[in-house]
Each structure stands twice: as C-alpha cells, then as structure tokens.
Amino acid sequence: MKFHYKFSNLLGSVYKKGNVFFSPDGNCVFSPVGNRITVFDLKNNKSWTLPVESRFNFTAVDLSPNGSALIAVNEAGTASIVSMVSKQTVNKFEFKRPVCCIKFSPDGKHFAVCKENNVFIYKAPGNFTGDYNPMEMVRVFHGCFDETTCYFRIQFFFLVCFKFDLHCCGVIAVGSKDTSTRLYPLEKYANFREHTLSALSDSVVAVFFEKDSLDITTIGRNGKLCIWECSLSLSDLEPFDQSTAAPEKKKKKKGYEDDENQEEDDLNLLTGELRQQIMEELNEKKDEERKDSGDSGDSTKRLMKLCAKHYLCDQFGFDKPRLTAAAYHKDTHILVTGFSNGAFLIHELPDVNLIHSMSISEQAIRTVSLNSSGDWLALGCGGAGQGQLLVWEWQSETYVMKQQSHAAGMACLAYSIDGQYIATGGEDGKVKLWNTRSGFCFVTFTEHTSSVSSVRFASSRKFLVSASLDGTVRAFDMTRYRNFRTFTSPRPVQFVSLALDASGEFVAAGGQDVFEIYLWSMKVGRLLEVLTGHEGPVVGLAFSPVLSSTALASVSWDKTLRLWNAIESGAQSEAIFLSSDGVSVAYRPDGKAVIVATLNGHLTSFQVESASQSGCIEGRNDLSSGRLETDLITAKKSLAGKSFNTVCYSADGEYVIAGGQSKNVCIYYVKEGLLTKKFEITQNRSLDAVDDFINRRKMTEFGNMALVEERETPDKTEKAAVKLPGVRKGDMAARSTKPEIRVFQVQFSPTGQSWAAVTTEGLLIYSLDADYMFDPYQLDMNITPQTVKQTLLRKEYSEAIMMALRLNMPNITLEVFESIPSASIELCVSSLAQVYAQKSLDFVARVAESSRHIEYWMVWLECLLLRCTAPPLCTLLTVQRSVTRKYHDIAKICDYNKYTMKFLGRLGRVRKASRTEEEGESMDMDGEDDSMEMDVAN
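Per full-length UniProt numbering, the very first residue in the sequence shown carries number 1; after that it's consecutive.
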C-alpha cells in the first residue's frame, strides 16, 4: 500500500490532434492529448486528465449535450464510451476503420459517425431500453464520391412536428472531400429528399445550419464561403405517410435494386423506333409519378438557393493560406475561421463583416470551438511536436487561458522543496514552471538558446538554476521571475549535468565536450574552481543533501565515480571504478550513500565514508524489450542495449525509482535489491517501442512494411519531404515521425505523496490515492467504525483518535478530528503516544491543504508539532506545503480586501467633501435669499 501510486495528471502537453470542444455550461475545455483527454476548468483555474487511456491517439471526440457521456475514437477506429460521472470507460466499440468526425445530436439521443465515404447513425449510449447492444445502428447514408478526410463535418438539425405526437426527426448536413455538401433526412418527408450542394471548388471544411431554419452555410478549404437559402420553412415539412404510398413492385431479376434499372438494361438491347417509343412512355410515367408525389424534376434548385459567395482568404493578400478549421455560433451569428498560417478571423453572418483578426502561432490552427454563450473561443494548434491551446474572449480581446507545451519535447524536471511546483527544461531551450495543484504552466523562461539539459530548485525555493547546451548556467528568481545570474566557463562548454548544494551557495555543472566540472558561487557570481580528473563526459552530478556538507559526487562515461570536497580540498577526489559507463548518480537523503546507474542496466550503491560498494541491483530485465517496428534484431538483442538513465531516492532513503529506455518505471528496495513496484507509463501504440513483439500483419513476403517510408504526412495536406539518411532526431525534413517511448528523468516528490516522470508523452504525475485506500495499522477485532463513533460520543477524544488511526479509514478519521472542540485539542494531543502523534500530524497536514477550516487546523498543527519529537522530513515538507498554500490564498484575499477598503474609504471622503460643499452652497444661497428679502423690505 505504500507505493499504491495511480496516474494523477498529465502536464506539459495540452493538445496534439483531434477536435477541442467546450462543456455544455461553457466553463470547461476538453482537449485530446495523445491517447488521453485533458479537461481545463476555466472557472476554477485547474486542469486534470481523465483516467482513461486508449491504445492509440484520439482523433475524434464529442460530449453529449447533458454532459454525462463522452465518446472518443482513436486512430484505429476504436470508440471508448466514458461516463463523466464515474470517469471510467463503460463500453468500447470497434468501427474497424479510421473515423474522421463524430457528433452528438442536439437532443442527445443519436450520434453520427463519418467513416470513409459513409455516414452512420447510432443510438446514443445512456438511453437504457433493455437492449443487449447499446450501440444500435439506425441509418446509413452513402453518396460521397471521394473519401472523407479531416475536413469532413457533420451538423445535426432536429425539429419537432406537433401534428404527429411530437415525433422527432432531423436533417444532417455532410461535407466531404469531393467539394459537395449533402443533406440527408433521418426520416422520410413528402417534400424533402436527399439534396446535393456543389458550389465549392475545394474540400469542404465546415457546414453550419442557421437557428430554427434550414438555411445553410458551407466553407471550403480555399476560404470560399457559400450561403444557401431554403425555400421551405420548418412548418412546411410534411412527414411521409406510408399508408398513402403506392406499393412497391417486385423485382424482376436478382441483383437489381428496382424496376427502373431492370427496364433500362432491357432498353439497351433494343434499337430503332421501338426503343424511342418505349423511352417516351417511361418518361411520361415518371412525370406522372413526380406530380402525384408533389415533386418536380428541378427540386434541388427550387429548395436550395445560393444567395451569396465570399472569399475569406482574400484578406491575407497575395500569399493565401489554407482554411483549416471553423466554428459557428447560431445565436450570435459569429463565425470563427482558423488558417494554416496560425491566424484566425471572426466574422458576423450573413453579411460576413470582419470583427476581429489575430495571429496566435506559426503552426496551423487544427480546431476551433465556441462556448454556449459565444463569448469564448478555443483554438488548438498542433504540429512539429508543438501543441498550443488558447481560449480567447473576443469581445474584450483578452486571454482566458493560454497554454503551450515544449516545442521539441521535455528533457529534465525538478521538484520544489515542498512539492508544490515542478520545473521542466525542454529541447526548445525553454524552462517552464508548473503548479502541481492547478496543473497550469504559469512562467516560461526563454533566455537559453539551446536545449536545457538539467534544472534544480534551491532549498529555500527562492530561485532555480538550469544548465544548457548553449554553454551557460542561469539562475532565475522565483519572486520577480527574471534571470538574475548567468554563469559561463572560460571556454565554450556544452553543460549536460547540474548540481546545487543544500544551502544554495554553490553551483556545479559538468561538460559534455570538455570533461571538466565547473564550480561557481551564487552570491558573488564568480567561478571558484575547475575540477579535472574525468576522461569522459560528466553526465551526472549531485551535492550532498546535508546542509553542513559540500560533498559532491560525479559520474562519467570513463567508468568512474568520483567523490569531491571541492570547498575544502579543491580538485582532490576519490575515484571509484564502475563496471560500465556511468549515466546518473543520486545521494541518499542522509548523505551517507550514493547510487549510480550504469550503461549495463545496473543500479550500484556505495557508502560515502568508506567508498565501498553496499549493493547492486540488476534491473535490465525489468525494463522489457520494447522493440521498434524497424528493428532488424531479436528482442533479446534489443534488451541487451537497454539501461536506466535516471535514478532517484525516496524521501526515507529506503527505496529508489529508476527509468530509462523503456515504457516501464521501477521502484526497488535498496537494502534487499528487490523490485517493489513496476509501472507501465503508457499503452499508446501510436508511439514506437511500446510493443514487445513486431506485429506479424506488417511482415510480408517483401519484408517488414514498417521499413517502407510513406510519402504523405498524416494529415495529407502538406508536401512530401525527403528524409535525410541516418538522421533519427531533429530531422525537420522527415516524411513521417513516430517517436519512441522513453523516460528521460524521474523523481520522487519531497513529500513522498507522488512522483513525476518526463517522458515522450509529457510530464506524467502519479500520486497516492488516499481516499480509496484501506491500509489499517495494528488493527484488532474490537475496532470498528461503530465503536469509534461510540467512543467519540463518550467524549473520549484521545482514544477515538487512536482507534481511527488504527482503522485508517480517511472518512472516519476526518469525522473524529472535526468532532473535537478546539478547546480540547491541546489536552487531546498531550495524551497521544509519539507514534499516533506523528500519524496525526501526517493526516492533518494532508487535510489542512484542501480544507476551509484554516484556524482550526492551524491549532492542530501547532499542538502536534510541539508534541512530536522527531517528525519525518516528508511530513514536515507536507506541513510546509499546506501552510504555504493557505498563506498565499489568504494573502490574495487580504490584498483584495485592503484595496477595497482603501477605495471605499476614499470614496466616503470624497462623498463627504462633496456633501459639505453642497451644504455650504445651500447656506450661501440661503444667505443671499435673506439679504434679498431684507432689501425688498427696505
């Protein structure tokens, strides 16, 4: 139970592909992030990721109108039905083909799916009628002459016919790549049938109905907008009466759809006057049938009329971009269009008046969505490894939310001392700060000009430092958010490792091309020492966590571990030879031991004082093989090249967590060298090296089909590029990319409640789910929830606390603590044993973080801190994090109240002064009136 970690959140990746949409209330944005879905709560300023994972990346997602069910379809055509109440997958359905669009009906009873050149209508889940199959297909529509792509859009329009007992029916508008838009009725009408609108000259991007009307707007990929007007109103639609219809004739020949096809084929065998005479009779017969049904031969032109054409791309001048996304709000008649150059336009229909234009990115806008009120619009940009999500309030022209991931992937991470913040460094040269509570990035530092290789937080949490391949080590202020120190070396060096001592006074960095360690002073900003001795790149550095110690450990590719005391003995070091090249090093929290990850997959621990080996863990077999699709070697040979490239101690120093060239993260018990827990961080088959075996379907008589490079990009809209031979990373000319799953760095939270890993998918956070975990402590048969409550009613508070802590049920324990009067807290804590006092402190520290009873829990913390003699470090860090968060929350409220009181006080003084002036003027007017009366009397 100690390592019962579960996936908690995904940071650093806000959008990849698919469609972004708002919740029905308009306060949340749903964004597909790879094979997961992230929800951004704009009202509470918080983001969280659904605990739902697919085997491939999601490409089409939609939410039911009541917000209770979500359907997400991945690249392989597998649909996952997620209940938004339980946040779990309740059903899966195989479409067996890629799905480019999915859409719920406005009443939530149906949803439509676009697959290839067909449209399928299904009953929506949630309408429990007792059927065995919850995914019942209702209708299928054919007619598109070309395959549907990502430009395929569906728009439902449902109406209510009061003449037929509130019988619901609807019309679907479908646009495809063949430049046409088709209207399909879900039910049969006497005066409305399938229609085709073809005024566009490029692929259809979006189709929109007007409110309470059949008027329609179509938009093409080249920016051409067409407005169609329907001659029929809603009251003119007449449902088809099956009883009055003529009975169908039996088919004369098997394989023909109707009698007309049979007659036409028979006419092809005839010639001369006989054929002409029969053709005239057939035409007269068809004309009579049209008159009887109320239809004419030119029904399309009569029903739908093209009113106007507009060209949206003309506003960009000569270099016209492609229109990639669009959204329309029916109530306000606001149209938002996104383009391939990162710009978006806001127009008002039907006059197509330009309201606003803005460029937000250099990448193409892939998706656009408007909330229910039409005030906020969400824009998603993805491509070239960079994801950006923007929520814009167009009326006030302000950002509601702006989040962007690292452009070229993450490389490193660091926890703050209280676990409240996480700093990440990316290959794009940026350093980002993330709030673990809200899940948002609130600061981005862009001073580095090359890839950031390592980041470290100071123990005081006042600043952080980062090392980069650009040859600089920079320090950033956490108060003013600026770069206040820049450390450089005498000659250009690419820094790949970084260390900061416990006091925050010394900074050390190791080079990749120059095999030296540089030591600077944080206060003075000068270079103090250059440590030499390594004969290979210094890839790992770590200072001792003990506050009074300046011991430094370093590992290199020269198969040595060196222990330094740079402040006292200078460049003298003690070398320890390793069995293979060193990759990473970490100190135990007490500073008495270090652990080293080597290239042969071993985790070796050493005692610092004696420089002797104390243990070795062979972890290569725990990594698993994870073969690439293009591998020409066996799984056994592939596993021989795997190793851990990051290692970190837990808060108590008894366990280590390690990750590397695999999808697995392992936790080991150091003393016994045993594997305690192994986590599989992803099941995403859209990434490479996830499967342990190559799919046999890709093996043909000509070899592995994965070795054949495709010439088209996944969206099939950009030009094909030629891949440079031998290049696997950073090749911007690649035809297609499939990144490999890797764990670049992993680290325990200082509080021990969570751990984070920088992976190919982003920053993954796993935390302990204490609300659903039953972990009793010294439990006996006499301790039950009933006996705990009875003890609490007898006002035996100390006994009730100890029984609740032994039972270890969070809801019962919280009820006991909150039932104790504040005046009895000090007496209750004084009668607790040390074991229960420490457990109470740990529990109160976690509860106080999210509770509104601030003063009550502060009294508990004060009494428990005085009672505990030596509380664990992780518990103290949890207390610090709780108190710090409450301090910041109260500080904001106090500042707001302070300025409000100042404003009200100044407003009162102004009103008092104005009232005094008015009274003075009135008194002067009275005096003048009296003098005038006296003059008149005289």
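Yeah, the Cβ is synthetic: ideal placement off N, Cα and C, and Gly gets one too. As the structure is a computational prediction, the values presented were derived from the model and not from experiment.
Phe95 versus Ala79: straight-line alpha-carbon distance, rounded: For Phe95 and Ala79, the gap between their C-alpha atoms comes out near 7 Å.
Cβ distance (whole Å) where Tyr669 is taken to contact Tyr649 below 8 Å: Actually they do not touch by this definition, with Cβ atoms about 12 Å apart.
Whole-angstrom distance between Glu187 and Phe162, CA atom to CA atom: Residue placement at Phe162 is poorly supported in this model, since its pLDDT is 27, which falls under 50; the coordinates still yield a value, given next. Phe162 and Glu187 have their C-alpha atoms spaced approximately 15 Å apart.
When Ala199, Phe344, Thr446 are compared against Lys432, the one with the closest alpha-carbon: Ranking Ala199, Phe344, Thr446 by CA distance to the CA of Lys432 puts Thr446 first.
Glu919 (DSSP reduced to helix, strand or coil): Correct three-state label for Glu919: helix.
Straight-line gap, Ala69 to Phe30 (C-alpha atoms, nearest Å): Approximately 13 Å, taken between the alpha carbons.
Test item: CB-CB of Asn74 and Thr89 under 8 Å: By the CB criterion at 8 Å, Asn74 and Thr89 fall outside the cutoff.
Span of the alpha helix (DSSP H) around Val835: Element bounds for Val835: 834-848.
Sub-8 Å separation of Asn580 and Asn565 beta-carbons: The sequence given here has Ser at residue 580, not Asn. No, they are not a contact pair.
Straight-line gap, Lys698 to Arg627 (C-alpha atoms, nearest Å): Rounded to whole angstroms, Lys698 to Arg627 spans 14 Å at the Cα level.
For Tyr481, three-class secondary structure by DSSP: The answer is coil: DSSP assigns Tyr481 none of H, G, I, E or B.
Straight-line Cα distance separating Cys28 from Gln613: One C-alpha to the other measures close to 54 Å.
Simplified DSSP state of Cys863, which is helix, strand or coil: Reduced to three states, the DSSP call for Cys863 is helix.
Option nearest Ala327 by Cα separation, candidates Phe192, Leu303, Thr367: Just measuring C-alpha positions, the residue of Phe192, Leu303, Thr367 sitting nearest Ala327 is Thr367.
Among Ala870, Phe7, Ile694, Asn341, the one whose alpha carbon lies nearest that of Leu632: If we check each option's Cα against that of Leu632, Ile694 comes out closest.
Per-residue DSSP class, three states only, for Ile893: DSSP places Ile893 in helix when its eight states are reduced to three.
Three CB pairs or more closer than 8 Å across the stretch 880-898 and the stretch 413-424: At 8 Å Cβ cutoff, the stretches touch.
Beta-carbon spacing of Gly425, Cys441 below 8 Å: By the CB criterion at 8 Å, Gly425 and Cys441 fall outside the cutoff.
Residue range of the beta strand (DSSP E) that includes Lys46: Judged by DSSP secondary structure, Lys46 falls within the beta strand (DSSP E) whose first and last residues are 46-49.
Terminal residues of the beta strand (DSSP E) in which Cys230 lies: First-last of the beta strand (DSSP E) with Cys230: 224-230.
Where Lys795 sits in the DSSP three-state scheme: In the structure shown, Lys795 sits in coil (DSSP, three-state: anything other than H, G, I, E or B).
Pick from Gly673, Val690, Glu680 that is closest to Glu629, judged by C-alpha positions: For Glu629, the nearest C-alpha among the options comes from Val690.
Cβ neighbour criterion (16 or more within 10 Å) applied to Ala848: By the C-beta density criterion, Ala848 is buried, having at least 16 other C-beta atoms within 10 angstroms.
His448 - DSSP class collapsed to helix/strand/coil: It is coil, neither helix nor strand.
Length of the line joining the Cα atoms of Ser405 and Ala423: Distance between Ser405 and Ala423, taken at the CA atoms: about 13 Å.
Tyr518, DSSP secondary structure in three states: The answer is strand: DSSP assigns Tyr518 an E or B state.
Selected residue, minimal CA-CA separation from Pro98, among Leu519, Gly18, Ile81, Ser64: The residue among Leu519, Gly18, Ile81, Ser64 with its C-alpha nearest the C-alpha of Pro98 is Gly18.
Supposed contact pair Asp688 and Ile765 - C-beta distance, whole angstroms, cut 8 Å: About 24 Å separates the two Cβ atoms, so there is no contact after all.
Rounded separation between Tyr15 and Leu389 - CA only: The alpha-carbon separation between Tyr15 and Leu389 amounts to approximately 6 Å.
Rounded C-alpha distance that separates His888 from Asp41: Each residue's CA atom was taken as its position, placing His888 and Asp41 some 21 Å apart.
contact_flag[the stretch 536-555, the stretch 477-493] where n(CB pairs < 8 Å) is 3 or more: These segments do not touch.
Bounding residues of the beta strand (DSSP E) (the contiguous stretch that carries Asn435): For Asn435, the enclosing beta strand (DSSP E) begins and ends at 431-435.
Asn371 (DSSP reduced to helix, strand or coil): Coil.
Nonlocal neighbours in the same chain, by C-beta distance under 8 Å from Arg87, ignoring five residues either side: The residue asked about is misnamed: residue 87 is Lys in this sequence, not Arg. Excluding positions up to five away in sequence, the list reads Leu50, Pro51, Val52.
Three-state secondary structure assigned by DSSP to Leu11: If DSSP states are grouped into helix, strand and coil, Leu11 belongs with the strands.
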